[in-house]
């Protein structure tokens, strides 16, 4: 299993302000997988488990998303149905 991780900073400590950082981290996950030769788009994350870690960072937080990708291909096997 291949694991991808992406880190992004949010400039606020309030959870309702973290959406842009989470979206950016998710985009970075997809970009890293594409660079690694996977053919995937954002909808391939549907039904996948992503690990989220939030760490305090001065005036904001660091958002860390991690995805354990399937061994082959881009999309998860069960999304082909």
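Numbering (my numbering), first residue to last: 1 to 81.
Here a beta-carbon is modelled for each residue, glycine too, at the ideal position from N, C-alpha and C.
A direct Cα-to-Cα measurement between residue 57 and residue 68 gives close to 25 angstroms. Residue 10 and residue 21 do touch by the CB rule: their CB atoms are close to 4 angstroms apart, below 8 angstroms.
Looking at the DSSP output, residue 64 bridges to 7 and 53. With a beta-carbon spacing of about 7 angstroms, residue 7 and residue 25 fall inside the 8 angstroms limit used to define contacts. Taking 4 residues as the minimum length, the alpha helix (DSSP H) runs contained wholly in the stretch 12-58 are 19-35, in order along the chain.
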